[in-house]
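Student: The following block contains the structure, expressed as structure tokens.
There are 2 protein chains.
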Amino acid sequence: MSKKAVVNNTPVCQVRMQGISDTMSILSGKWKFHILGTLMEGNKLGFMDLLREIDGIGSKMLSKELQDLEMNKLVSRTVMNTKPITVQYSLTEYGKTLSPLIDELAKWGIEYRQSIYKSKKN
Amino acid sequence: MSKKAVVNNTPVCQVRMQGISDTMSILSGKWKFHILGTLMEGNKLGFMDLLREIDGIGSKMLSKELQDLEMNKLVSRTVMNTKPITVQYSLTEYGKTLSPLIDELAKWGIEYRQSIYKSKKN
DNA sequence: GAAAGTAGTTTCCTCCAGGAAACCACCTAT
DNA sequence: ATAGGTGGTTTCCTGGAGGAAACTACTTTC
Chain A
1 MSKKAVVNNT
11 PVCQVRMQGI
21 SDTMSILSGK
31 WKFHILGTLM
41 EGNKLGFMDL
51 LREIDGIGSK
61 MLSKELQDLE
71 MNKLVSRTVM
81 NTKPITVQYS
91 LTEYGKTLSP
101 LIDELAKWGI
111 EYRQSIYKSK
121 KN
Chain B
123 MSKKAVVNNT
133 PVCQVRMQGI
143 SDTMSILSGK
153 WKFHILGTLM
163 EGNKLGFMDL
173 LREIDGIGSK
183 MLSKELQDLE
193 MNKLVSRTVM
203 NTKPITVQYS
213 LTEYGKTLSP
223 LIDELAKWGI
233 EYRQSIYKSK
243 KN
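In structure tokens form, the structure reads like this:
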């Protein structure tokens, strides 16, 4: 009798792993968290605003990632009726449910950096 | 005068974005979250255990990702003094600080899947 | 002595995420 | 008319993430 997986065999764990996969699949790519994080700070932002705010991103990637996020109902795109036509990107109500996750992400990274700093002093 | 970034100019936001980048950089790749999530369930696991538990991963990637995690002090590797030599992988105390993050990740994914299911019923 | 278990390493290959730069269309102020 | 703003799209290219499969090395069981 060959050995088989045991730990993840429990349904609760399967569901948990599935959840992790789903989340990471929706938030895949280099820029999704940055875009969402930026939209959490600056409520409504235009395309060029985001291009300026997010350091290093190019227009192609920004455009593509925004489309992904819009498709998944996390970000809304509103064309404004202004003289030079402008577009407002903002988080949807559903997109805002990601706040705790992104806050945890930022928090852990900040604490990680602090722990590096402390360990260098010793 | 050309327009410049304003939202992310605040130090607090810079730090926040930096934190997100740091976390994602340490947890980069397709398998880190799965490995960590599995180690959270099954306390101490061998290499072959992990290979069986994590669906789809190959030995090369598992080996490489475990080395990454060990380098960042998130996972500990202990060679056991058994007859067929075995290795125990487990989360370090520091690695356990990722629990809230990974729980959020799993939780959001589970709720996402439920919201899809509900929207199909209507 | 052959098979099966432990824990990986090495090689070879492929695909695609992501970057750079040019381009498009439209509007406005000078 | 031309420079600069809006919001993107298109093309072309490359590095590297990741997969498959073979191989190493040692031990125990059949």
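Just so you know, the sequences run in chain order A and B. End of the first sequence sits at 122 in the numbering used here; the numbers just go up one at a time, nothing left out. End of the second sequence sits at 244 in the numbering used here; the numbers just go up one at a time, nothing left out. Just so it is clear, CB atoms sit at the ideal spot from N, CA and C, and this is done for glycine as well.
1. Between which residues of its own chain and residue 207 of chain B is the CB-CB distance below 8 Å, once the five residues before and five after are set aside?
2. So residue 226 of chain B contacts chain A; which residues on that side make the cut at Cβ distance below 7 Å?
3. What does the Cβ neighbour count give for residue 75 of chain A, buried or exposed, with the cut at 16 atoms within 10 Å?
4. List the whole-angstrom C-beta distance separating residue 216 of chain B from residue 22 of chain A, where the pair is believed to meet the contact cut-off of C-beta under 8 Å.
5. Just how far apart, CA to CA, sit residue 45 of chain A and residue 36 of chain A?
6. Can you check which of these residues, A:109, A:121 and A:118, is closest to residue 246 of chain B by C-alpha distance?
7. Please list the partners that residue 16 of chain A has in chain B, where partner means a Cβ-to-Cβ separation under 7 Å.
8. Okay, do the segment 222 to 229 of chain B and the segment 177 to 189 of chain B touch, 3+ Cβ pairs below 8 Å being the bar?
9. Secondary structure at residue 82 of chain A, three-state DSSP: helix, strand or coil?
10. Strictly below 9 Å CB to CB, what residues from chain A border residue 183 of chain B?
11. DSSP has residue 87 of chain A in a bridge; who is on the other side?
12. Across which residues does DSSP place residue 45 of chain A in a beta bridge pair?
13. Buried or exposed: where does residue 58 of chain A fall if 16 or more other Cβ atoms within 10 Å of its Cβ makes it buried?
14. If you check the beta carbons only, do residue 39 of chain A and residue 105 of chain A fall under 8 Å apart?
15. Please decide whether residue 148 of chain B counts as near chain A, where near means a Cβ-Cβ distance under 8 Å.
16. Quick one: using the 10 Å Cβ neighbour count with 16 as the cut-off for buried, is residue 178 of chain B buried or exposed?
17. Which of the three DSSP states is assigned to residue 73 of chain A in this structure?
Tutor: Taking the definition as stated:
1. 201
2. 100, 101 and 104
3. buried
4. Residue 216 of chain B to residue 22 of chain A, Cβ: 27 Å. No contact.
5. 11 Å
6. Because chain B spans 123 through 244 in this model, residue 246 of chain B falls outside it and cannot be assessed.
7. 159 and 228
8. no
9. coil
10. Result: empty, since nearest Cβ-Cβ is about 15 Å, beyond 9 Å.
11. A:79
12. A:89
13. exposed
14. no
15. yes
16. exposed
17. coil
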